[in-house]
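Reading through the structure tokens given below for one structure.
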Amino acid sequence: MPVHGLVYYTTPSMATFLGPAQDYLVKSFLAQYMKKWIVQYKLYRNVLSPKSLELLKQNIHPYMYACVDEMTTVEAEPALEDIIIRTKLWTFRQTFNIEGAIYEVGDFTVAVANVLQKSTWKGIVFHVTYDGSDDVDTARPILQEFFDICFFKNASAPPPVYENYFYHSRHSIDPKLFLEIFKHRVDISTPSSLSQVKSEASPVG
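With positions in the sequence shown counted from 1, the corresponding number in the working numbering is that position plus 21.
Structure, rendered in structure tokens:
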């Protein structure tokens with residue numbers, strides 16, 4: 022039962038950080054590549070009302086997740102988006118992609134990826150799970166030390182715009198947490214908009 026650490030940076034100097042970070046994990050810590058990590062977020066607006074529709078797809082989950090007007094999140098078949106487009110009741114507004122990879126390093130599972138808006142870099146996200154403890158207070162300093170050793174050994178880490186440590190029964194991130202991060206702002210590169218969800222509590226849902 023893992024404890025999760027999720028950290029997100031938008032510091033411009035980290036735009037080229039992903040490749041070297043992955044190489045360092047493999048060469049210095051013998052990290053084992055597991056799979057790609059791909060997440061797609063889309064925002065739609067209703068043409069007849071101010072309601073919003075958010076869609077989230079992950080390559081590690083077979084279903085798409087849909088959330089209407091920032092309320093209940095439900096699992097849906099991927100074909101739902103085709104139906105939405107054909108009805109013309111929703112207008113596409115924005116999309117973000119998370120593109121990276123997942124590795125295994127001992128008791129840790131490490132996912133690191135760039136956040137992109139089309140081809141524009143908007144940030145880099147790190148997701149680490151630790152299987153050595155299911156207590157957040159015990160695991161938090163271990164995860165923080167792991168972040169520092171693996172990614173910032175030779176430099177001080179810039180301040181993240183989002184940092185969260187929590188317990189969750191699965192190794193993957195709860196899709197509701199992704200939606201909670203995305204839905205609080207239109208521009209993912211704006212740190213102030215993420216301050217509303219910066220927390221060390223358990224994820225929503």
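Note that the Cβ used here is the ideal one computed from N, Cα and C, for glycine as well.
Bear in mind the structure is a predicted one, so any value in this text is a computation, not a measurement.
Would the stretch 141-155 count as touching the stretch 70-79 if we require 3 or more Cβ pairs under 8 Å? No, the stretch 141-155 does not touch the stretch 70-79.
In the DSSP assignment, the beta strand (DSSP E) including Ala87 goes from what residue to what residue? Met85 to Val89 is the extent of the beta strand (DSSP E) around Ala87.
So which of Phe172, Tyr186 and Lys139 has the shortest CA-CA distance to Pro162? Tyr186
Simplified DSSP assignment, three categories, for Phe173: Shown here, Phe173 sits in coil according to DSSP, grouped into three states, outside any helix or strand.
In whole angstroms, what is the alpha-carbon distance linking Met92 and Trp58? 26 Å
Could you tell me which residues DSSP pairs with Gln79 in its beta bridges? DSSP output for Gln79 lists Val60 as bridge partner(s).
Assuming Tyr65 and Leu74 form a contact by the criterion Cβ under 8 Å, report the distance between their Cβ atoms to the nearest whole angstrom. With 8 Å as the limit, Tyr65 and Leu74 qualify as a contact, their Cβ atoms being about 4 Å apart.
In chain order, which alpha helix (DSSP H) runs of at least 4 residues are fully inside the stretch 96-158? Look at the stretch 96-158 and you find these whole runs of alpha helix (DSSP H), each 4 residues long or longer: 101-108.
Run the CB neighbour count on His82, radius 10 Å, all protein chains shown included, and call it buried at 16 or more, exposed below. exposed
Short check: CB of Met55 to CB of Glu125, under 8 Å? yes
When the distance is taken between beta carbons, is Tyr188 closer than 8 Å to Val24? Yes, the Cβ-Cβ distance between Val24 and Tyr188 is below 8 Å.
Local conformation of Arg191 per DSSP, three classes: Coil.
What does DSSP give as the partner residues of Ser73 in its beta bridges? Arg66
To the nearest angstrom, how far is the alpha carbon of Glu98 from that of Phe199? The straight-line gap from Cα to Cα measures roughly 18 Å.
Is the separation between the beta-carbon of Val133 and that of Ala36 shorter than 8 Å? no
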